[in-house]
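Worksheet: one structure, shown below.
There are 2 protein chains.
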Amino acid sequence: MTIKRSWQGRAFLGMSLDGFIAGPGGDLSFLESEPGKGQHTEIRSDHPALTWDTFFPTVDAIVMGRTTYEKVLTFGEWPYPGMNVIVLSSALESDDPNVTIAHSPEEVIALLDDAGVKNVYVDGGRTVQEFLARGLIDEFTVSILPIVIGDGVRLFGPESRATFAVEGAHIEADGLARITYRVLSNA
Amino acid sequence: MTIKRSWQGRAFLGMSLDGFIAGPGGDLSFLESEPGKGQHTEIRSDHPALTWDTFFPTVDAIVMGRTTYEKVLTFGEWPYPGMNVIVLSSALESDDPNVTIAHSPEEVIALLDDAGVKNVYVDGGRTVQEFLARGLIDEFTVSILPIVIGDGVRLFGPESRATFAVEGAHIEADGLARITYRVLSNA
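Next up, the structure:
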């Protein structure tokens, strides 16, 4: 399932050690809960994972699902001014000037190709799952929080398959284990 | 749920990035599959996680569940000669001289206290979950394989809760991301 394209799909997600990107009902509070604050050993690396500060400036387009879009809207001020942002939703209609709505992955791909972008930040659990299954994720940075929450919204689903190569990793002062993987296969 | 005891409970487990310690039906082949072999960046650390070679020699007792015990028996030669090994099973009866059967966690705890052991390797997904829930796991080393398998036997269950402090981490040449955590809480 490889589609010829001029851009890289790049995921950048946080999850609990048991694989949840959100708690029950999409609750993101555990991401801000600073589990074990002040008790972690920070571990630097000569091959660090990407961080938001090294990842985001390289991005020239964002694809997100409807759930993530609606969550971002609750943040108040639009966080991505001037950025090419595509919201993937089968049903959503919107006149929000900050985003382009695409009703299918095929429409997203056509928009990205037309825009001539190079580095696409793919965000949101369902969208990342779907893009991974279609062979559209090339790089995967996961930030593993030092917590087990038991229930919520999973990063990966029962249909997810992937093999990765480690490109970088480090432990941040807040206990986040960041790993940047290159995606080798999705089967 | 803290029980006064003279020993440390220590877990040492491998899992896929999506949280599985075994595939469907308990299949362990993915643990030996060397995903992405030869394509990983090895990352050393001045605070490495435990490895089998630094962890196992410190252990003076092992607790495992019935599933793990029966898996170990398939390996052929008994891998833990002379070690105090307790198998936790509500129903199993055995005259295997290599192990002591305990029919409840309380019985395991009594056996460990009586034996005067200090460092107890707690093995097997269900047993680790149960011991974690009872506040009997103090240290947790996880080795995250660079693979997503989608389905199987999970390390953590819907009732699992934990907060950890990172003590060490590194990436091995085979792409295993090893992290050693201290368990801060199980709620």
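Top to bottom, those sequences are chains A and B.
Here the working numbering is used: the first residue of the first sequence is 1096, the next is one more, and so on.
Here the working numbering is used: the first residue of the second sequence is 1096, the next is one more, and so on.
Glycine residues also receive a C-beta, built at the ideal position from the N, C-alpha and C atoms.
A direct Cα-to-Cα measurement between residue 1139 (chain B) and residue 1112 (chain A) gives close to 21 Å. With the rule of 3 Cβ pairs closer than 8 Å, the stretch 1113-1128 of chain B does not count as touching the stretch 1262-1281 of chain A. Under the DSSP assignment, residue 1202 (chain A) falls in the alpha helix (DSSP H) whose first and last residues are 1200-1210. Separation of residue 1173 (chain A) and residue 1194 (chain A) (C-alpha to C-alpha, rounded to the nearest whole angstrom) is 10 Å. With respect to residue 1125 (chain A), residue 1236 (chain A) sits apart: the two C-beta atoms are not nearer than 8 Å. Neighbours of residue 1242 (chain B) across chain A, judged by C-beta separation under 9 Å: 1256, 1257, 1258 and 1259. Closer than 8 Å to the CB of residue 1197 (chain A) there is not a single CB belonging to chain B. The three-state secondary structure of residue 1172 (chain A), taken from DSSP, is coil. Annotated three-state conformation of residue 1254 (chain A) is coil, per DSSP. Residues of chain B whose Cβ lies closer than 9 Å to the Cβ of residue 1136 (chain A) are, in chain order, 1142, 1260, 1261, 1262, 1263 and 1264.
Its chain contains 1218 and 1219 as the residues whose beta carbon lies nearer than 6 Å to that of residue 1163 (chain B), once the 5 sequence neighbours on both sides are disregarded; these appear in chain order. By the Cβ-count criterion, residue 1240 (chain A) is buried, with 16 or more other Cβ atoms from all chains shown falling within 10 Å of its own Cβ.
When C-beta distances to chain A are compared with 8 Å, the residues of the stretch 1099-1119 of chain B below that value are 1112, 1113 and 1114, in chain order. Contacts with chain A at 8 Å (Cβ-Cβ) do not include residue 1155 (chain B). With a cut-off of 8 Å on Cβ pairs, the stretch 1214-1233 of chain B is in contact with the stretch 1099-1109 of chain B, counting three or more such pairs. In this structure the stretch 1179-1194 of chain B does not lie against the stretch 1237-1256 of chain B, because fewer than three pairs of beta carbons, one per stretch, are closer than 8 Å. In this chain, the beta strand (DSSP E) harbouring residue 1103 (chain B) covers 1103-1111. Cβ contact annotation for residue 1264 (chain B) (same chain, cutoff 8 Å, sequence separation greater than five): 1140, 1142, 1143, 1144, 1272, 1273, 1274 and 1275, in chain order. By the rule that beta-carbons nearer than 8 Å mark a contact, residue 1164 (chain B) does not touch chain A.
Within the DSSP secondary-structure output, residue 1141 (chain B) pairs in no beta bridge.
Residue B:1114 holds the alpha-carbon nearest to the alpha-carbon of residue 1251 (chain A) among B:1191, B:1099, B:1114 and B:1280. If you check the CB distance, residue 1156 (chain A) and residue 1179 (chain A) come in under 8 Å.
Annotated three-state conformation of residue 1161 (chain B) is helix, per DSSP.
Taking the CA atoms as reference points, residue 1259 (chain A) sits about 22 Å from residue 1159 (chain A).
Looking at B:1152, B:1249, B:1175 and B:1233, the one whose alpha-carbon comes closest to that of residue 1280 (chain B) is B:1233. Between residue 1127 (chain B) and residue 1266 (chain B), the gap from beta carbon to beta carbon reaches 8 Å or more.
Here DSSP, grouped into helix, strand and coil, assigns residue 1280 (chain A) to strand. One Cα belongs to residue 1230 (chain A), the other to residue 1207 (chain A), and the distance between them is close to 15 Å. Bridge partners of residue 1117 (chain B) according to DSSP: B:1248. The closest CA to that of residue 1255 (chain A), considering only B:1247, B:1254 and B:1205, is found on B:1247.
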